[in-house]
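Below is one structure; the comments refer to it alone.
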Amino acid sequence: MKIKILSPEKLLYEGEIKSVKLQGLNGKFEILEHHAPIVSALVKSEIILMDKNDKQFSFAINGGLLEMTNNNISILVQ
304 MKIKILSPEK LLYEGEIKSV KLQGLNGKFE ILEHHAPIVS ALVKSEIILM
354 DKNDKQFSFA INGGLLEMTN NNISILVQ
């Protein structure tokens, strides 16, 4: 699946991933390929993603929004 993580200043990450772990208003969750469409507000936390080569990346955020449809994830962060 594809992901884009954007801040107001720049593109933080774009690429193919296996999974992403996030924290929404109701707690932590993980998105894998073929996840049902979802829109979620994100709280101050850390985004942890695993790319196709099993390399882990993490991003500290102050909140944001996530949208997942058709194996495309867009995350706007503060």
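By the numbering used here, the letter at position 43 of the sequence shown is numbered 346, and the numbering carries on one by one without gaps.
Quick reminder that beta carbons are idealized off the backbone N, C-alpha and C, glycines included.
Nearest C-alpha to residue 356 among 329, 320 and 313: 320.
Beyond the five residues adjoining it in sequence on each side, residue 381 comes within less than 8 Å, by CB distance, of 310, 311, 364, 365, 366 and 367 in the same chain, given in chain order. The continuous beta strand (DSSP E) containing residue 370 extends over residues 367-372. By the neighbour-count criterion, in which 16 or more other beta carbons inside 10 Å mark a residue as buried, residue 325 falls on the buried side.
In the three-state reduction of the DSSP assignment, residue 353 falls in the strand class, which pools E and B.
Looking only at 336, 350, 313 and 337, the smallest Cα-Cα distance to residue 369 is reached by 350. Counting of Cβ neighbours within 10 angstroms places residue 335 among the exposed residues, the total staying below 16.
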